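What follows is a single structure, written as structure tokens, with notes after it.
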Amino acid sequence: MIEFKNVCKNYGKTKALKDCSWMGMSHEIIGVCGQNGSGKTTLFRLLLGLLQPDSGEIRINGEIRSAKHHSLFGYMPEQRSLLSDLKVNEQLHYFGKLKGMEHSTIQSQIDRLADELEIHHALNNTIGSLSKGNQQKIQLMAALIHDPHYIILDEPLTGLDYANVKLFQDQFTKLSKAGKTILLSSHQYDYMDDFCTSLIVLKKGEMVLSGNLDQLKDLSGKCCVTVNSDSCWMDHVKEADIVEECGNKIKITVENRTQAKRLLNMLSKDSGIKELEMNRIGIKELIRGTNG
Amino acid sequence: MKQLIQFSLKRRFLTKTSLVLQVLMFGILFSVINLDRISNLFKLNLDRNIQISTDESTMKQLLPLELWNTYGFELISVEQSKLGIKINDTGYLISSEYPIDLLIQAKLQQILLTLHQREYLNEHHESVGEMISYYENINITYDVQHSVQLSQTKQNMIFMVITSIYFMMLNFAAVTSNEVILEKTSNLLEIILTSVSTSTHFISKLIVGWLSILIQAMITGGFAVILLWQRNNSDLGKGLLQLIAHFSLIPSDIVSFHGLIAYLEIDKQTIVTFIFGCGFLLLGILLVQTVLVIASSRVKTMEEAGSIQGPCYILLLLMYYLTLSQNSVAKLSSGLGYLLSFVPFFSMLFMPARLLLQPVITEEILLSAFFAVSVLAIVLVFGRPIYQQGVLNEKKAKRELVKFRTNVDKV
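Below, the structure written as structure tokens:
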């Protein structure tokens with residue numbers, strides 16, 4: 003269990019994180035969202051022990067975060083952190099050894115992860131010769147090589163094609179089922195909706211929203227109505243509603259379920275509408291509600 | 215820490231480039247140890263004697279061939295020579311294809327003066343010769359307070375070894391700082407520091423720098439021993455030693471490596487002096503390396519690293535020349551040379567220079583070592599947080615945070 007208690011971190015006069023409190027439990031996949039400069043990386047660095055809080059406490063399983071917790075964490079930074087002239091195997095062995103692992107254990111972990119991430123063919127290649135997507139896989143393997151309990155992933159899905167995003171999502175879900183706690187930041191909210199169980203929204207260093215994703219969605223009360231139509235359905239939409247294009251469909255966010263039902267009722271009478279459905283809002287709409 | 219050190223050393227010594235460089239090093243040592251044979255093979259003239267010609271019979275009669283050699287000349291035929299002497303009405307005419315430097319001019323003056331005297335004496339009575347001989351000879355006895363610690367040859371050899379180590383270690387200090395910059399710019403440091411503390415990383419880099427020096431010294435030393443052993447089996451090193459004697463570094467009667475060792479009289483005092491000298495050198499280089507590693511933690515790119523290391527090299531080179539300019543018993547016994555032998559950083563060359571030239575009392579050695587160790591400890595203690603801030607890019611993180619927030623406010 004990770005616990006942040008009133009954590010503050012300043013860079014000089016700039017408040018990177020203000021009075022931040024939250025808890026992360028096993029099996030959780032926590033999405034950390036916020037604009038650039040909101041404090042996501044600072045939060046990760048504090049968790050990893052790369053920075054120390056100016057005030058407040060960070061506890062791991064009830065104990066104050068210290069060097070002895072290093073091996074419990076796995077980290078995948080946003081930018082590539084691999085030596086391009088090294089072979090994949092060599093690089094992963096190095097990371098494993100840094101975490102105090104035995105040679106044989108590292109090799110078996112490499113084999114397992116390579117199978118799961120479908121990258122076995124590249125283990126003897128140099129990192130520089132790999133595609134960006136494959137380098138991303140190696141970076142994820144480096145974060146998971148020592149089977150950490152807490153996994154911190156900074157923008158893990160950036161630059162991946164759809165197939166690889168799915169591969170990563172499956173991996174995250176599998177890890178979560180195994181009892182790991184995953185924290186990840188991303189601006190690809192649609193993908194995050196598929197696997198995140200909790201959410202933290204940061205705005206200028208302040209935690210404006212945090213908690214279980216389903217509960218947060220329920221609490222917001224907002225609903226989405228998705229329309230696929232050729233007719234002029236815009237007459238039915240109030241000015242305050244948020245209208246957004248999603249491919250060939252239109253997504254309308256309304257304040258509550260009653261409004262959604264009313265809109266659904268009206269739109270269903272329109273003969274030009276081909277498809278109509280009501281859903282809960284996604285992470286994007288949730289964040290928009292906080293101005294985060 | 216062990217893993218960090220092992221990984222760094224492996225990347226330094228077990229790469230294709232490193233292996234090629236070791237082969238190159240072997241080749242250079244082979245060439246040096248067999249320089250006489252190579253020069254014979256390619257008919258290179260490494261003899262320092264100046265080739266000169268004259269067709270004046272008087273000169274050849276009055277000055278035997280050995281005397282020309284003693285003055286640093288070698289008589290050759292007029293056709294081959296680029297430098298020639300003739301006698302004219304007013305004295306001597308020296309013709310040369312190229313401008314004659316001052317040293318050669320001085321040597322020419324010396325030999326021509328001898329020739330002139332001999333010619334004069336040849337034409338006059340014996341008593342005139344005796345008078346001149348008496349006139350030229352004076353007896354001077356030197357009564358010096360400070361004796362010289364080691365013989366000139368020993369001093370030269372030890373100073374050559376120490377300065378070689380000095381420049382080799384400077385290079386390794388720069389390599390260590392480049393390694394920090396590479397890890398930083400490739401973002402590898404961020405991952406490493408989630409496994410080890412910044413202090414561990416900092417110390418490991420310093421240890422890696424030192425182990426690299428030792429390993430390289432052992433490899434180079436190993437090559438040298440093998441090649442010298444091979445040369446000893448071949449001709450006891452005679453050819454090489456004769457070539458060295460030509461350069462006036464050793465007497466010409468030394469014809470084997472065993473003879474050279476016997477001549478050097480490597481006694482306990484020589485070894486102790488060498489060890490103390492190296493000790494001060496190592497302390498100084500450790501200080502330079504620590505400062506470079508701390509500075510490199512603040513560097514953002516490899517190009518920037520060059521702009522830091524460049525001036526540092528110039529400073530160290532200046533210090534080397536300053537040491538050479540002060541390298542005499544008189545200058546090192548008082549004044550600037552004496553003072554700098556106690557100043558950390560400067561003491562790495564000035565104290566060894568003093569130890570080689572004169573007896574230094576134990577208290578002075580201990581005081582200088584104490585200052586050097588104290589400054590090193592201060593740099594290590596105060597440098598660690600600077601290093602931590604630098605490797606974690608805290609300033610950059612702050613700058614980016616402020617920039618993004620300003621942009622968000624504008625939007």
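Going down the list, the protein sequences come from chains A and B.
Heads up: the first sequence runs through residues 3 to 294, numbered per my numbering.
Heads up: the second sequence runs through residues 215 to 625, numbered per my numbering.
Just so it is clear, CB atoms sit at the ideal spot from N, CA and C, and this is done for glycine as well.
Since the model is a prediction, treat every value here as computed from it, not as a measurement.
Query raised in the report: CA-CA distance, glycine 76 of chain A and histidine 29 of chain A?
Result: Within the first sequence, numbered from 1, the residue matching residue 76 of chain A stands at position 74. Within the first sequence, numbered from 1, the residue matching residue 29 of chain A stands at position 27. Cα to Cα, the separation comes out at about 15 Å.
Query raised in the report: Alpha carbon to alpha carbon, what distance is there between serine 110 of chain A and asparagine 127 of chain A?
Result: Along the first sequence, one-based indexing puts residue 127 of chain A at 125. Along the first sequence, one-based indexing puts residue 110 of chain A at 108. About 18 Å.
Report task. Output yes if chain B places a C-beta closer than 8 Å to the C-beta of leucine 146 of chain A; else output no. Result -> The residue labelled residue 146 of chain A in the question sits at position 144 within the first sequence. It does not; no Cβ of chain B falls within 8 Å.
Query - Interfacial residues, the stretch 56-71 of chain A to chain B, with Cβ spacing under 7 Å - result: Ala69
Query raised in the report: Any Cβ of chain B within less than 8 Å of the Cβ of proline 158 of chain A?
Result: What you label residue 158 of chain A is simply residue 156 of the first sequence in a count that begins at 1. Not one chain B Cβ lies under 8 Å of proline 158 of chain A.
Requested in this report: Give a yes or no on whether the minimum CB-CB distance between glutamine 54 of chain A and chain B is below 8 Å.
Outcome: Locating residue 54 of chain A in the first sequence gives position 52, counting from the first residue. No, because no Cβ of chain B sits closer than 8 Å to the Cβ of glutamine 54 of chain A.
Query raised in the report: With respect to the beta strand (DSSP E) encompassing valine 203 of chain A, which residues constitute its N-terminal and C-terminal limits?
Result: Taking the first sequence and counting its residues from 1, the one referred to as residue 203 of chain A is at position 201. Segment 200-205, the beta strand (DSSP E) holding valine 203 of chain A.
Requested in this report: Can you grab the Cα-Cα spacing for the pair threonine 515 of chain B / leucine 506 of chain B, in whole Å?
Outcome: In the second sequence, residue 515 of chain B corresponds to position 301, counting from 1. In the second sequence, residue 506 of chain B corresponds to position 292, counting from 1. Their Cα atoms are separated by approximately 15 Å.
**Report entry** Same chain, Cβ closer than 7 Å to lysine 545 of chain B, neighbours up to 5 away in sequence not counted
**Finding:** In the second sequence, residue 545 of chain B corresponds to position 331, counting from 1. If the five residues before and after lysine 545 of chain B are omitted, its C-beta is found closer than 7 Å to the C-beta atoms of Gly551, all from its own chain and listed in chain order.
Requested in this report: Can you give me, in chain order, the residues of the stretch 100-113 of chain A that have a beta carbon less than 7 Å from any beta carbon in chain B?
Outcome: Leu100, Lys101
**Report entry** In DSSP terms, what arginine 282 of chain A is bridged to
**Finding:** Counting from 1 along the first sequence, the entry for residue 282 of chain A is found at position 280. Answer by DSSP bridge pairing, in chain order: A:Cys225.
Query raised in the report: Shortest alpha-carbon distance to leucine 186 of chain A belongs to which of A:Ile202, A:Ala180, A:Lys179?
Result: Indexing the first sequence from 1 puts residue 186 of chain A at position 184. Comparing Cα-Cα distances from leucine 186 of chain A to each of A:Ile202, A:Ala180, A:Lys179, the minimum goes to A:Ile202.
Query - phenylalanine 471 of chain B Cβ short of 7 Å to the ligand SAM heavy atom set - result: Here there are no bound small molecules, and the ligand SAM is not part of this structure.
Report task. Keeping to the same chain, check which residues put their C-beta closer than 6 Å to that of glycine 161 of chain A; ignore five residues upstream and five downstream. Result -> Within the first sequence, numbered from 1, the residue matching residue 161 of chain A stands at position 159. The answer, listed in chain order, is Lys134.
Query raised in the report: According to DSSP, is glutamate 208 of chain A helix, strand or coil?
Result: As a position in the first sequence, residue 208 of chain A is number 206, starting the count at 1. Of the three classes helix, strand and coil, the one that applies to glutamate 208 of chain A here is strand, per DSSP.
Requested in this report: Note down, in chain order, all residues in the stretch 178-204 of chain A with a beta-carbon under 9 Å from any beta-carbon belonging to chain B.
Outcome: none
**Report entry** Distance between beta carbons of leucine 84 of chain A and arginine 31 of chain A, contact taken as under 8 Å
**Finding:** Counted from its first residue, the first sequence places residue 31 of chain A at position 29. Counted from its first residue, the first sequence places residue 84 of chain A at position 82. For clarity, residue 31 of chain A is isoleucine in the given sequence; the question names arginine instead. Leucine 84 of chain A and isoleucine 31 of chain A do not touch by the CB rule: their CB atoms are close to 25 Å apart, not below 8 Å.
Query - Cβ-based neighbour list, leucine 297 of chain B, same chain, cut-off 6 Å, excluding 5 preceding and 5 following - result: On the second sequence, position 83 is the one that residue 297 of chain B refers to. So the qualifying residues of the chain are Ile266, Ser310.
**Report entry** Opening and closing residue of the alpha helix (DSSP H) in which alanine 18 of chain A lies
**Finding:** Looking up residue 18 of chain A in the first sequence gives position 16. Element bounds for alanine 18 of chain A: not the alpha helix (DSSP H) but the beta strand (DSSP E), 16-26.
Query raised in the report: How do the stretch 491-502 of chain B and the stretch 562-572 of chain B stand: do at least 3 beta-carbon pairs fall below 8 Å, yes or no?
Result: yes
Report task. Please confirm if arginine 82 of chain A has its CB atom under 8 Å from at least one CB of chain B. Result -> In the first sequence, residue 82 of chain A corresponds to position 80, counting from 1. Taking Cβ atoms only, chain B reaches closer than 8 Å to arginine 82 of chain A, which makes this a yes.
Report task. Confirm, please, whether the CB-CB distance from leucine 155 of chain A to isoleucine 129 of chain A is below 8 Å. Result -> As a working mapping, residue 129 of chain A is identified with position 127 in the first sequence. As a working mapping, residue 155 of chain A is identified with position 153 in the first sequence. Against a cut-off of 8 Å, the Cβ pair of leucine 155 of chain A and isoleucine 129 of chain A comes out as no contact.
Requested in this report: Kindly identify the DSSP beta-bridge partner or partners of leucine 186 of chain A.
Outcome: Counting from one through the first sequence, the residue named residue 186 of chain A turns up at place 184. Beta-bridge pairing links leucine 186 of chain A to A:Gly33, A:Leu155.
Query - Proximal chain B residues relative to tyrosine 152 of chain A, where beta-carbon distance stays under 7 Å - result: As a first step, residue 152 of chain A is located in the first sequence; it is residue number 150 there, counting from the start. Simply none; closest approach about 11 Å.
Query raised in the report: Does isoleucine 406 of chain B get closer than 8 Å to chain A when you measure Cβ to Cβ?
Result: Position 192 of the second sequence, counting from 1, holds the residue named residue 406 of chain B. Judged by the 8 Å Cβ criterion, isoleucine 406 of chain B is in contact with chain A.
Requested in this report: Examine chain A for any beta-carbon lying closer than 8 Å to the beta-carbon of serine 411 of chain B, and answer yes or no.
Outcome: Your numbering for residue 411 of chain B matches position 197 in the second sequence. At a cut-off of 8 Å, the C-beta of serine 411 of chain B has a neighbouring C-beta in chain A.
Requested in this report: Drop a sphere of 10 angstroms on the beta-carbon of phenylalanine 46 of chain A, count the other beta-carbons inside from all chains shown, and report buried for 16 or more, exposed for fewer.
Outcome: Your numbering for residue 46 of chain A matches position 44 in the first sequence. So phenylalanine 46 of chain A counts as buried.
Query raised in the report: Can you tell me where the beta strand (DSSP E) with arginine 61 of chain A in it begins and where it stops?
Result: As a first step, residue 61 of chain A is located in the first sequence; it is residue number 59 there, counting from the start. For arginine 61 of chain A, the enclosing beta strand (DSSP E) covers residues 57-62.
**Report entry** Burial state of tryptophan 282 of chain B, where buried means 16 or more other Cβ atoms lie within 10 Å
**Finding:** The residue labelled residue 282 of chain B in the question sits at position 68 within the second sequence. Result: buried.
Requested in this report: Quick one: measure Cβ to Cβ for serine 212 of chain A and tryptophan 24 of chain A, integer angstroms, because I've assumed they're closer than 8 Å.
Outcome: Residue numbering aside, residue 212 of chain A sits at position 210 when the first sequence is read from its first letter. Residue numbering aside, residue 24 of chain A sits at position 22 when the first sequence is read from its first letter. Contact flag correct, Cβ pair sits at about 5 Å.
Query - Residues of its chain near lysine 22 of chain A, where Cβ-Cβ distance is below 6 Å and the 5 sequence neighbours each way are ignored - result: Indexing the first sequence from 1 puts residue 22 of chain A at position 20. For the sequence presented, residue 22 of chain A should be read as cysteine rather than lysine. The residues are Phe6, Val9, Met209.
Query - Beta-carbon neighbours of phenylalanine 221 of chain B, restricted to chain A and to distances below 7 Å - result: Here residue 221 of chain B corresponds to residue number 7 of the second sequence, with the count starting at 1. Correct list: Tyr96.
**Report entry** As assigned by DSSP and simplified to three states, the class of threonine 515 of chain B
**Finding:** Here the question's residue 515 of chain B lines up with position 301 in the second sequence. Three-state result, threonine 515 of chain B: coil.
Report task. On a CA-only basis, which of A:Arg82, A:Met143, A:Gly26, A:Leu119 is nearest asparagine 63 of chain A? Give me that one, please. Result -> Taking the first residue of the first sequence as position 1, residue 63 of chain A is located at position 61. It is A:Gly26 whose Cα lies nearest to the Cα of asparagine 63 of chain A.
Query raised in the report: Thinking C-alpha only, which one of B:Met239, B:Leu384, B:Ser547 is nearest glutamine 529 of chain B?
Result: Reading the second sequence from its first residue, position 315 is the one you call residue 529 of chain B. In the sequence on display, residue 529 of chain B carries leucine and not glutamine. Taking only the C-alpha atoms, the option nearest leucine 529 of chain B is B:Leu384.
**Report entry** Any chain B beta carbon closer than 8 Å to phenylalanine 174 of chain A
**Finding:** Counted from its first residue, the first sequence places residue 174 of chain A at position 172. Closer than 8 Å: no.
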